[in-house]
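Just so we're aligned, residue 245 is where the sequence shown starts under the numbering used here, counting upward by one.
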Amino acid sequence: MKINIKGIPKKELEEKIVSLGGKKYNAVQIMQWLYKRNIYNFSEMTNLSKNLKEMLNEHCCVNELKIVSKKISSIDKTTKYLLECEDKEKIECVLLFHSARNTLCVSSQVGCKFGCIFCATGLSGFKRNLTCAEILDQLILVQRDSKVQINNIVFMGMGEPLENYTETLNAISILMAPEAFNIGPRKITISTVGFVPGIEKLIKEKIPLNLSVSLHSVDDIIRSELMPVNNKYPLGKLLPLVKTYPKITGGKLTFEYTLIDKVNDSFKEIKKLASLTGDIKCKVNLIPFNCVSGVEYKKVKIEQVEKWKKVLENNKITVTVRHEKGSDICAACGQLRALNL
Ligand code: SAH
Ligand code: SF4
């Protein structure tokens with residue numbers, strides 16, 4: 245069977261090319277053809293030897309996902325893409341426009357195992373990990389279709405990226421590679437449910453990626469109700485670990501806090517959040533809960549979000565509010581389910 249040459253990290257690709265009779269430096273040339281020029285036909289890779297092109301044709305191929313459909317928000321042009329994998333599984337990714345950057349929110353898994361009770365992806369269960377090539381294809385296809393240069397990547401789509409560790413990190417290495425997408429680590433954000441073993445591994449890589457930790461409560465009982473992962477990795481394990489992240493990696497740390505009406509928005513919780521994060525080099529991002537069909541929680545009032553923001557700011561904590569984008573097309577945080585668009 246031919247191997248898909250897309251999504252092979254540089255070191256492994258060099259080994260593969262040498263095993264096919266090529267030179268190490270051919271790997272860089274092939275990466276440039278694939279990722280910079282979108283050329284998938286080996287015969288068109290004019291700087292490779294005839295012999296290597298023949299070997300590549302015989303042993304390798306370049307696969308690609310398919311765009312099934314897309315929906316564009318009439319409010320803010322946010323575009324949600326539904327993509328189909330070779331095995332017919334479907335995933336979603338979302339293109340978002342901010343003043344200085346074009347962001348792609350990518351999926352890392354088909355579904356998710358973690359079952360957070362406020363999240364559409366969690367409700368649909370887990371199918372499988374995405375491969376590195378499938379993660380990269382989201383960028384490749386959206387960039388080609390939209391003609392928009394994407395310069396910011398957030399792993400905040402379907403799935404838990406740190407539970408699909410190897411494929412996610414391989415994809416990040418290709419996103420960062422100068423011979424591929426050349427996107428700096430500070431323009432890449434991994435969002436995690438708080439999967440401690442994955443965070444431990446990531447810290448050891450010492451790459452200054454942005455890390456977003458989905459906190460959503462500072463009370464173990466409430467957090468365990470919302471996010472079953474908290475039973476295994478409670479706040480007492482999670483917080484001391486993530487506190488070390490900025491210092492060791494040089495990357496930025498953000499706590500995501502989705503405010504759900506009358507669930508995790510009490511005054512007691514804000515004060516506790518302020519005291520727990522006060523001595524951590526971090527930012528808090530408040531997300532008003534986005535409605536999900538089948539979930540009974542309610543959105544908080546915007547005044548409540550503003551109140552939280554003020555209390556945290558008074559405690560000298562940097563706070564941002566994530567204003568919902570693409571809600572008319574169900575593309576906002578937690579609304580990705582990969583059903584038909
Ligand atoms: N699995 C990772 C990344 C994907 S979820 C994680 O959990 O962090 C991306 C973000 O959307 C997370 O912060 C998640 O908690 C949040 N989210 C999920 N459902 C939501 C909803 N209904 N409203 C607002 N945010 C939600
Ligand atoms: Fe999975 Fe993240 Fe959704 Fe939780 S919030 S179910 S970890 S995708």
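A virtual CB, placed ideally from N, CA and C, is assigned to each residue, including glycine.
Shown here, residue 372 sits in a strand according to DSSP, grouped into three states. Of the residues assessed, residue 355 falls on the buried side of the cut-off, its CB having 16 or more other CB atoms within 10 angstroms. Residues of the same chain with a CB within less than 6 Å of the CB of residue 492, apart from the 5 flanking positions on each side, are 447 in chain order.
If only uninterrupted alpha helix (DSSP H) runs of at least 4 residues are considered, those enclosed by the segment 445-506 are 464-470, 473-476, 479-487, 489-493.
Relative to ligand 2, the nearest heavy atom lies less than 7 Å away from the CB of residue 358. For the pair residue 427 and residue 452, the Cα-to-Cα distance works out to about 12 Å. Per DSSP, reduced to three states, the secondary structure at residue 568 is coil, with no helix or strand assignment. Comparing alpha-carbon positions, the option among 389, 435, 265 lying closest to residue 404 turns out to be 435.
The set of residues with CB atoms less than 5 Å from any heavy atom of ligand 1 reads, in chain order, 362, 363, 400, 404, 435, 437, 458, 500, 502, 531, 533, 534, 536, 577, 578.
The segment 323-333 and the segment 527-544 do not touch, with fewer than three beta-carbon pairs separated by less than 8 Å. DSSP links residue 532 through a beta bridge to 503. At the C-beta level, residue 264 and residue 300 come within 8 Å of one another.
Checking the 7 Å criterion, the Cβ of residue 366 is within range of a heavy atom belonging to ligand 2.
Under the rule that a run must span 4 or more residues, the alpha helix (DSSP H) segments found entirely inside the segment 356-437 read 364-367, 376-390, 409-420. The three-state reading of DSSP puts residue 269 in coil, since its state is none of H, G, I, E or B.
With fewer than 16 neighbouring CB atoms inside 10 Å of its own CB, residue 480 falls in the exposed class. Rounded to the nearest whole angstrom, the C-alpha separation of residue 473 and residue 571 is 27 Å.
By the neighbour-count criterion, in which a residue is buried when 16 or more other Cβ atoms sit within 10 angstroms of its Cβ, residue 393 is exposed.
At a cut-off of 7 Å, the beta-carbon of residue 275 does not count as near ligand 2: no heavy atom of the ligand is closer than that. Excluding residues up to 5 positions away in sequence, 366, 472 lie with their Cβ nearer than 6 Å to the Cβ of residue 359 in the same chain.
At the C-beta level, residue 520 and residue 501 stay beyond 8 Å of one another. For residue 442, the closest alpha carbon among the candidates 457, 577, 429, 432 is that of 457. In the assembly as shown, residue 369 is an exposed residue. Its beta-carbon has fewer than 16 other beta-carbons within 10 Å. The beta carbons of residue 250 and residue 307 sit closer together than 8 Å.
Ranked by how close their Cα comes to the Cα of residue 494, the residues 526, 279, 470, 391 have 526 in first place.
Counting along the chain, residue 346 sits inside no alpha helix (DSSP H); it lies in the beta strand (DSSP E) bounded by residues 346-349.
Of the candidates 363, 390, 380, the residue whose Cα lies closest to the Cα of residue 315 is 390. In this structure residue 530 does not touch residue 364 by the C-beta definition: roughly 20 Å separates them, more than the 8 Å allowed. Taking every protein chain shown into account, the CB of residue 511 has fewer than 16 other CB atoms within 10 angstroms, so this residue is exposed.
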